[in-house]
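Enquirer: Chains as they are written, first to last, in the UniProt record's numbering: chain A, 1 to 358; chain C, 1 to 187. In this text, a Cβ means the ideal position worked out from N, Cα and C, and glycines have one as well. Here it is, the structure, as structure tokens.
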Amino acid sequence: MTHPDPDLRAVLDLPAAEPTDASVSRTWHLLNQRHTAARSRTPRRLSRMLVPVGAAALVAAVALSAVLLNGPGGGNGQVGAPRIAEVLASHQPLPAERGTNPKLSRTTPEAIAALDELAHTAESAATVTLAPRQLVHVKADGWAAGRSGEDPTARISYQGRELWIDPQGMIALRVLADGRDLAEGPKADPQPGRAERDDLLQNGANLRRATPEWLAQLPAGDPAALLARLRDDVDDNEKWTADYLVWDAVAQLYFNADLLLSPQLRAGLLRSFRGMDGLTSGEVVVDGWRLIAIRQTEGSSSTEILFDPLTASAVGRRDIYADSEVTLVPPDGGPRFDPVVGYHVTWTQNLVNSVDER
Amino acid sequence: MTVTTQHDPPPPTAEPPDPGDLGAMFDAYARDLLRYATRRVGEQLAEDVVAQTFLIAYEQRHRFDSARGGLLPWLYGICGNLLRREHRTEKRALRATAAAALAVTADEDAPDARSAERVDAQRTVARVATALARLPRRQREVLLLFAVAELEYAEIASALGIPLGSVRSALHRARTKIKSALSGGSR
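Written out as structure tokens, the structure reads:
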């Protein structure tokens, strides 16, 4: 934002968050859904549709294989793309029974058992100590679908991200996207994070703008009260249920600051999720690394949070679109995903003292 | 910041995408439009409006005439038409912003200079949000296309389908009211 005039600057300084990657992704998939629906209403184009994909509700073992990449900068030509040779995914069916909220399915006993097991593990997980002014450095390896024009295929591409998160409000102070600093260039914000800080100042800490102090005062030992607190922090709207919004916000919290969660809160969160609707369980295995996938489904959209069963830490996320009629095309030498997986990311986190540290 | 389907915007020298290439158009401009729409109606509604903007643009791509303006102003025009239906939401949000800012100032005792600065900043937010909510719709659109979307006068004229002179006068009036609000006036 480059306007120097005080009146224009004042307009720009009104509280407003920058669009997140998640928001861009949701918009893209909403657009795709509508585009597909519009095309399906046009008989002339029906013959151009590819095989419908409806496998999300089925137990499916999907063997995904790819040639090893040549490491950073090599292989498929995508900078920093990780070596992924094989991904195996399986997931239980979505039950027909409705949940407390009839818009969502009942959370399955298998999902509840998986959450219980993770919670038990979480109680003995390691803790970290956050020093004043320390930041969370997040390194994320993502794979996302992108589509051009009427092309019935969407190409999967690698999206490497590095973020330096201020835990006071979970504010990204620096973002590297595939090695490029998003804070550089003509549209750079001269005061990064200011809008988010204003938001924190005005509205206080909450699920989407957490602070260590806010996390510490959550009722970790009372799962029902904790879930109620989480639900209170998302705005009801006509589009999504509170549980969908809670799950999305929690996934973001894990992405920003999983390592800051105390063992009690980590376990408490997992136990609180048992009271949600729409959860199912499964597994995702990335090159032999077995992860527990807890999936929340609303309509045709699902979001999985991937947990490491050895630590109960959240280490990844996948977005799944059951009614997509787009065929996903893996990059040359890249991983081949289940046809309904539109986004897959795993991350690692560590504490650093500045945005220049890793 | 976990999910994205978009690549970073192309460098300024890159050719604008073809409106027949929905993915490229989205990659190039989705974030700009989301930033603009989110400021006006919040994230949830903005996603809906921006998705619909691209769908309409794609379906009406034969109507796009590059001789009459760029692709981005054309998209802002479509987006603005959709946002017009949400003007009540926008006004409610601006009033809520003003009320929240005033609530913060009411809680502050301002015992030191730093607190006083924060109170002043919140009062400014309240004044500007209130002034924006009171602006006539056209003036608010022109102002936000100029300030937030950073469009030139001619691009705003193209986006809104109004004469250049109307853009100038609407922007002048809107800015005068914001300046007045900043100086503590109540116009």
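I'd like to check one pair, S313 of chain A with D258 of chain A: are the Cβ atoms closer than 8 angstroms?
Expert: One-based indexing of the first sequence puts residue 258 of chain A at position 258. One-based indexing of the first sequence puts residue 313 of chain A at position 313. Yes; because the gap between Cβ atoms is below 8 angstroms, this pair is in contact.
Enquirer: Does residue 359 of chain A come out as helix, strand or coil in the three-state DSSP assignment?
Expert: In the structure as shown, chain A starts at 1 and stops at 358, and residue 359 of chain A therefore has no counterpart that could be examined.
Enquirer: Return the CA-CA distance between D120 of chain C and P167 of chain A, expressed in angstroms with no decimal places.
Expert: Residue numbering aside, residue 120 of chain C sits at position 120 when the second sequence is read from its first letter. Residue numbering aside, residue 167 of chain A sits at position 167 when the first sequence is read from its first letter. If I take the Cα positions, the gap works out to 26 angstroms.
Enquirer: So with CB distances below 8 angstroms, who are the chain B contacts of S23 of chain A?
Expert: Note that chain B does not occur in the displayed structure, where the protein chains are A and C.
Enquirer: Please report whether the beta-carbon of L291 of chain A lies at a distance below 8 angstroms from any beta-carbon of chain C.
Expert: Position 291 of the first sequence, counted from the start, is the residue given in the question as residue 291 of chain A. It does not: the Cβ of L291 of chain A has no partner Cβ on chain C nearer than 8 angstroms.
Enquirer: Quick check on the burial criterion: 16 or more other C-beta atoms within 10 angstroms. Buried or exposed for A220 of chain A?
Expert: By one-based count along the first sequence, residue 220 of chain A stands at place 220. Looking at its Cβ environment, which holds 16 or more other Cβ atoms inside 10 Å, A220 of chain A is buried.
Enquirer: Name, please, each residue of chain A whose Cβ falls closer than 8 angstroms to the Cβ of R31 of chain C.
Expert: The residue labelled residue 31 of chain C in the question sits at position 31 within the second sequence. The contacting residues are P19 and V24.
Enquirer: Use the C-beta contact count for N256 of chain A: other C-beta atoms within 10 angstroms, 16 or more gives buried, fewer gives exposed.
Expert: Your numbering for residue 256 of chain A matches position 256 in the first sequence. Its Cβ being crowded by 16 or more others within 10 Å, N256 of chain A is buried.
Enquirer: Return the Cβ separation of E141 of chain C and G80 of chain C in integer angstroms, given the expectation that the two are a contact with Cβ distance under 8 angstroms.
Expert: For the purposes of this step, residue 141 of chain C is identified with residue 141 of the second sequence, where counting begins at 1. For the purposes of this step, residue 80 of chain C is identified with residue 80 of the second sequence, where counting begins at 1. That belief holds up - the Cβ atoms of E141 of chain C and G80 of chain C are roughly 6 angstroms apart, short of 8 angstroms.
Enquirer: Using a Cβ-Cβ cut-off of 8 angstroms, state whether A210 of chain A counts as contacting chain C.
Expert: Walking along the first sequence from the start, residue 210 of chain A turns up at place 210. Cβ-Cβ to chain C under 8 angstroms: no for A210 of chain A.
Enquirer: Which runs of the beta strand (DSSP E) fall wholly inside the region 145–181 of chain A and span at least 3 residues, in chain order?
Expert: Taking only runs of at least 3 residues, the beta strand (DSSP E) segments lying wholly in the region 145–181 of chain A are 153–166 and 171–177.
Enquirer: Taking 6 angstroms as the limit between beta carbons, can you name the residues of its chain near P19 of chain A, skipping five residues before and five after?
Expert: Along the first sequence, read from residue 1 onward, the residue named residue 19 of chain A stands at position 19. The answer is none, since no qualifying residue turns up.
Enquirer: Residue range of the alpha helix (DSSP H) that T303 of chain A falls in?
Expert: Along the first sequence, read from residue 1 onward, the residue named residue 303 of chain A stands at position 303. Note, T303 of chain A: premise wrong, no alpha helix (DSSP H); beta strand (DSSP E) at S301 to F307.
Enquirer: Using 8 angstroms as the limit for Cβ to Cβ distance, is A16 of chain A near chain C?
Expert: Stepping through the first sequence from its first residue, residue 16 of chain A is reached at position 16. True, the Cβ-Cβ gap to chain C drops below 8 angstroms.
Enquirer: Since L30 of chain A meets chain C, which of its residues come closer than 8 angstroms, beta carbon to beta carbon?
Expert: Within the first sequence, numbered from 1, the residue matching residue 30 of chain A stands at position 30. Going along chain C in sequence order, the residues near L30 of chain A (Cβ under 8 angstroms) are E47, D48 and A51.
Enquirer: Using a beta-carbon distance below 8 angstroms, is L265 of chain A in contact with chain C?
Expert: Within the first sequence, numbered from 1, the residue matching residue 265 of chain A stands at position 265. Judged by the 8 angstroms Cβ criterion, L265 of chain A is not in contact with chain C.
Enquirer: Assuming G342 of chain A is part of the beta strand (DSSP E), what are its boundary residues?
Expert: Locating residue 342 of chain A in the first sequence gives position 342, where the first residue counts as 1. That run of the beta strand (DSSP E) goes V341 to V352.
Enquirer: Unbroken alpha helix (DSSP H) runs of length 4 or more, entirely within the region 180–262 of chain A: which are they?
Expert: Counting only runs of 4 or more, we get 194–203, 212–216, 223–232 and 242–257.
Enquirer: Assuming D198 of chain A and P15 of chain A form a contact by the criterion Cβ under 8 angstroms, report the distance between their Cβ atoms to the nearest whole angstrom.
Expert: Numbered from 1 along the first sequence, position 198 holds the residue referred to as residue 198 of chain A. Numbered from 1 along the first sequence, position 15 holds the residue referred to as residue 15 of chain A. Confirmed, about 5 angstroms.
Enquirer: Considering only residues of the same chain and omitting the five flanking positions on each side of A140 of chain A, which have a CB-CB separation below 6 angstroms?
Expert: If you number the first sequence from 1, residue 140 of chain A lands on position 140. Hits under 6 angstroms: R161, V345 and W347.
Enquirer: Helix or strand or just coil, what does DSSP make of E298 of chain A?
Expert: Working through the first sequence from its first residue, we reach residue 298 of chain A at position 298. Three-state DSSP puts E298 of chain A in a strand.
Enquirer: Residues of chain A with CB under 9 angstroms from G165 of chain C, in chain order?
Expert: The sequence position of residue 165 of chain C within the second sequence is 165, counting from 1. Going along chain A, no residue has its Cβ under 9 angstroms from G165 of chain C, so there is no contact; the nearest lies around 21 angstroms.
Enquirer: Which residue's Cα is closest to the Cα of D319 of chain A: A:A154, A:L30 and A:Y343?
Expert: Position 319 of the first sequence, counted from the first residue, corresponds to residue 319 of chain A. Measuring from the Cα of D319 of chain A, the nearest candidate turns out to be A:Y343.
Enquirer: For V355 of chain A, does the three-state DSSP call read helix, strand or coil?
Expert: Position 355 of the first sequence, counted from the start, is the residue given in the question as residue 355 of chain A. Correct three-state label for V355 of chain A: coil.
Enquirer: Look at L75 of chain C and T53 of chain C and say whether their C-beta atoms are less than 8 angstroms apart.
Expert: In the second sequence, residue 75 of chain C corresponds to position 75, counting from 1. In the second sequence, residue 53 of chain C corresponds to position 53, counting from 1. Yes, the Cβ-Cβ distance between L75 of chain C and T53 of chain C is below 8 angstroms.
Enquirer: How would you list, in chain order, the residues of chain A whose beta-carbon sits under 8 angstroms from the beta-carbon of K179 of chain C?
Expert: For this step, residue 179 of chain C is matched to residue 179 along the second sequence. The answer, in chain order, is P6 and D7.
Enquirer: Mind checking the region 53–67 of chain C against chain A and listing, in chain order, the residues whose C-beta falls within less than 8 angstroms of any C-beta there?
Expert: The residues in question are F54, L55, Y58 and E59.
Enquirer: Check whether chain A comes within 8 angstroms of E149 of chain C, counting only Cβ atoms and requiring the distance to be less than that.
Expert: Locating residue 149 of chain C in the second sequence gives position 149, counting from the first residue. According to the sequence as given, residue 149 of chain C is Ala; it is not Glu. With 8 angstroms as the cut-off, A149 of chain C does not count as an interface residue toward chain A.
Enquirer: Beta-carbon of G161 of chain C versus every beta-carbon of chain A: anything under 8 angstroms?
Expert: By 1-based counting over the second sequence, the position of residue 161 of chain C is 161. Not an interface residue.
Enquirer: Check this for me: beta carbons of L182 of chain C and V128 of chain C, under 8 angstroms apart or not?
Expert: Residue numbering aside, residue 182 of chain C sits at position 182 when the second sequence is read from its first letter. Residue numbering aside, residue 128 of chain C sits at position 128 when the second sequence is read from its first letter. A contact, by the Cβ cut-off of 8 angstroms.
Enquirer: I'd like to know whether the C-beta atoms of R293 of chain A and S281 of chain A end up nearer to each other than 8 angstroms.
Expert: For the purposes of this step, residue 293 of chain A is identified with residue 293 of the first sequence, where counting begins at 1. For the purposes of this step, residue 281 of chain A is identified with residue 281 of the first sequence, where counting begins at 1. The residue you asked about is not Arg; residue 293 of chain A is Ala in the sequence shown. Yes. Within cutoff.
Enquirer: Three or more C-beta pairs closer than 8 angstroms, one from the region 84–100 of chain C and one from the region 52–70 of chain C: is that the case here?
Expert: Touching, no, given that fewer than three Cβ pairs across the two stretches are closer than 8 angstroms.
Enquirer: Between L328 of chain A and chain C, is any beta-carbon pair separated by less than 8 angstroms?
Expert: As a working note, residue 328 of chain A is residue 328 in the first sequence. No, L328 of chain A lies away from the interface with chain C (no Cβ there is under 8 angstroms from its Cβ).
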